[in-house]
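Novice:
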DNA sequence: CGCAGTGTTGACCGATCTCAATCCCGGTGG
DNA sequence: CCACCGGGATTGAGATCGGTCAACACTGCG
């Protein structure tokens, strides 16, 4: 579900192209790492850097896919909704990850910033054209998409077959792995309880109850708000089973 | 979830290469459609045609991904399991679809034939090497994988947020669209009730109950066994909501 | 200090699961 | 032609997990 750890900084809504790709923080990890100088310069001319605020939506489900891009800083959620408004988060996007649906088609998900964020965006048509000319980009995208598909399918097991306890524990383990580093260290959850519920297919209260049970069992600590520290990683992993 | 309609014929377990790609039934739709004569001949030399029986497993979850291929005839399921044996079907594979995980990595799913089937298989290493040399293949794979990812994510909405009724109705609608053609026509479900449950994240009894409710409501007919006729497609679609 | 938004807790309800009995269809053998 | 058999499918009864509704607590901020 999660791809790469990343940090968030202040952001504003201006667009600029003042920085070259050389200074780009995700240069080595994003799909552009497959490009050499000339091609990179060409791609650079097609893109611009955009800052978005937490909560802002970049693409709407079933609208035409007008833009694609790389995440530079911050995190996004991908979500879909039923016609009556039930929401399911289908992916979390981290810095260096790719956003949007290249090659025709409507966007199948809504893309919303979970934190203030900055991205390097391209008009979809222009990007498609560039990709046609540059197999390296398609190759990089392919590998990324295959990984993403594996992750989505693993999540289907969670949604279809796991209990609430297992789901919440799985999420916390993944969070800790991604954001936390050493055990015992405190991390800041990037998701509200509601968003955790939307990701896990659970009601907000069920998420909350599971977490207090884990806290009472001494497996985690919740110093308040979105702060989390994993006390017993093995125990938590056991609760996640899978 | 489903990609292409297909038929099933008798099959045996022998492998052969007697037929050229020209006569291949999925030539126009599989990823090899991106190849010209010479490259196609080269790929043909790497592959062989294999027949498998219903129930036979090609790849096991978390084993090394040793082979990939194109489905010629028949259908497969992709599935994952929890450590204690709960199963989730994460995809159904139809003729002309691609099977397996190219580019390193373990297979993340078990691939099992739902019907007698035949496929055109390659050793994964050999296929990877070929793909490196032929961007067209990677491009075709990319488009396919993007579609598959969209489908997987749509299914996540079903698993995470839909009721049992909606799930079963959604599946039947999709089945009818894929296999049925005209409304009222009878189709043969490729899945047992158990497999429908494993795909929908439901207990077998829940699937069965939903179907009899649909039958009693006159929306579908169940002439017995795996046979199904959709009587009121609009009504069924309404039950599927989404 | 109070307000608003978020998170927690409790009580209750209902959808879905589980367990178990029965049914039905297709195939087999007498 | 029919009785029997086996496996999948259906049906029923009861248990349970998670959802819903509602009250309350906490946190951060003006």
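Protein chains in written order, with the working numbering: chain H, 617 to 858; chain C, 617 to 858. Glycine is no exception: its CB is placed at the ideal position from the N, C-alpha and C atoms. As the structure is a prediction and not an experimental result, all values here were calculated from the model.
(1) Under the three-state reduction of DSSP, which class applies to residue 620 of chain C: helix, strand or coil?
(2) With DSSP collapsed to three states, give me the class of residue 801 of chain H.
(3) In its own chain, which residues sit with a C-beta less than 6 Å from the C-beta of residue 742 of chain C, not counting the 5 before and 5 after it?
(4) Leaving out five residues on either side along the sequence, give the residues of the same chain with a beta carbon under 6 Å from the beta carbon of residue 630 of chain C.
(5) DSSP on residue 759 of chain H, reduced to helix/strand/coil?
(6) Excluding sequence positions up to five away, which residues of its chain have a Cβ less than 8 Å from the Cβ of residue 680 of chain C?
(7) Mind checking which residues open and close the alpha helix (DSSP H) that includes residue 851 of chain H?
(8) Give me the chain H residues within the contact set of residue 684 of chain C, using Cβ-Cβ distance strictly less than 8 Å, ordered along the chain.
(9) Suppose you measure from the CA of residue 714 of chain C to the CA of residue 713 of chain H; what does that come to, to the nearest Å?
(10) Quick check on residue 841 of chain C: buried or exposed, where buried means 16 or more other Cβ atoms within 10 Å of its Cβ?
(11) Say whether chain C places a C-beta atom closer than 8 Å to the C-beta of residue 776 of chain H.
(12) Since residue 691 of chain C and residue 709 of chain C are thought to touch, with beta carbons under 8 Å apart, how far apart are those beta carbons, to the nearest angstrom?
(13) Using 8 Å for Cβ pairs, my map puts residue 675 of chain H next to residue 707 of chain H. What's the rounded Cβ distance?
(14) Out of H:711, H:752, H:788, H:647, point me to the one whose CA is closest to residue 853 of chain H's CA.
(15) Taking the continuous beta strand (DSSP E) assigned at residue 731 of chain C, which residues delimit it?
(16) Mind checking if residue 636 of chain C is an interface residue toward chain H, Cβ cutoff 8 Å exclusive?
(17) Taking the runs of the alpha helix (DSSP H) that are 4 residues or longer, which of them lie wholly in the region 699 to 755 of chain H?
(18) Rounding to the nearest angstrom, what Cα-Cα distance links residue 778 of chain C and residue 785 of chain C in this structure?
(19) Compare the C-beta of residue 706 of chain C against all C-beta atoms of chain H and say whether one is closer than 8 Å.
(20) Are the C-beta of residue 646 of chain C and some C-beta of chain H separated by less than 8 Å?
(21) In angstroms, rounded to a whole number, what distance separates the CA positions of residue 624 of chain H and residue 811 of chain H?
(22) Residues in the region 781 to 795 of chain H with C-beta within 9 Å of chain C's C-beta atoms, listed in sequence order?
(23) Which residues of the region 673 to 699 of chain H have a Cβ closer than 8 Å to any Cβ of chain C? Give them in chain order.
(24) Any C-beta of chain H within less than 7 Å: which residues of the region 753 to 766 of chain C qualify?
(25) In the DSSP assignment, find the unbroken beta strand (DSSP E) run with residue 603 of chain C in it and report its ends.
(26) Run the proximity test for residue 700 of chain C: is its beta-carbon closer than 7 Å to any non-hydrogen atom belonging to the ligand ZN?
(27) I'd like to confirm the pairing. Which residues does DSSP put opposite residue 836 of chain H in its beta bridges?
(28) Buried or exposed for residue 766 of chain C, going by 16 or more other Cβ atoms inside 10 Å?
(29) Rounded to a whole number of angstroms, what is the C-alpha to C-alpha distance between residue 636 of chain C and residue 744 of chain C?
(30) Where does residue 796 of chain C sit, in a helix, a strand or coil, going by DSSP?
(31) Using 10 angstroms around the beta-carbon of residue 649 of chain H, count the other beta-carbons present and answer buried if the total reaches 16, otherwise exposed.
(32) Compute the Euclidean distance between the alpha carbons of residue 738 of chain C and residue 697 of chain C, then round it to the nearest angstrom.
(33) Any C-beta of chain H within less than 7 Å: which residues of the region 835 to 854 of chain C qualify?
(34) Kindly indicate the opening and closing residues of the alpha helix (DSSP H) around residue 809 of chain C.
(35) Going along chain C in order, which residues have a C-beta closer than 7 Å to the C-beta of residue 702 of chain H?
(36) Measuring alpha carbon to alpha carbon, tell me which residue in H:780, H:825, H:822, H:837 is nearest residue 805 of chain H.
Specialist: Quick look at the numbers:
(1) Here the model assigns residue 620 of chain C a pLDDT of 42, short of 50, so the residue's position is not dependable and the matter cannot be decided.
(2) coil
(3) 662
(4) Because residue 630 of chain C carries a pLDDT of 43, less than 50, the predicted location of this residue cannot be relied on, and the following value inherits that uncertainty. The answer is none, since no qualifying residue turns up.
(5) Secondary structure of residue 759 of chain H (DSSP, three-state): helix.
(6) 722, 723
(7) 849 to 856
(8) Simply none; closest approach about 11 Å.
(9) Distance between the alpha carbons of residue 714 of chain C and residue 713 of chain H is about 25 Å.
(10) exposed
(11) yes
(12) 6 Å
(13) With 8 Å as the limit, residue 675 of chain H and residue 707 of chain H do not qualify as a contact, their Cβ atoms being about 13 Å apart.
(14) Comparing alpha-carbon positions, the option among H:711, H:752, H:788, H:647 lying closest to residue 853 of chain H turns out to be H:788.
(15) First-last for residue 731 of chain C: undefined, no H or E at that position.
(16) no
(17) 740 to 749
(18) Going from the Cα of residue 778 of chain C to the Cα of residue 785 of chain C covers about 11 Å.
(19) yes
(20) no
(21) Low local confidence applies: a pLDDT of 35 at residue 624 of chain H is under 50, so the model's placement there is unreliable, with the coordinate-based value given in what follows. Taking the straight line from one Cα to the other gives about 18 Å.
(22) 782
(23) 694, 696, 697, 698, 699
(24) 754, 755, 757, 758, 759, 761, 762, 764, 765, 766
(25) Since the displayed chain C opens at 617 and closes at 858, residue 603 of chain C lies outside it and no answer follows.
(26) The ligand ZN is not part of this structure, which contains no ligands at all.
(27) H:846
(28) Buried is the call here.
(29) 21 Å
(30) helix
(31) exposed
(32) 26 Å
(33) none
(34) That run of the alpha helix (DSSP H) goes 809 to 816.
(35) What residue 702 of chain H touches in chain C: 777.
(36) H:837
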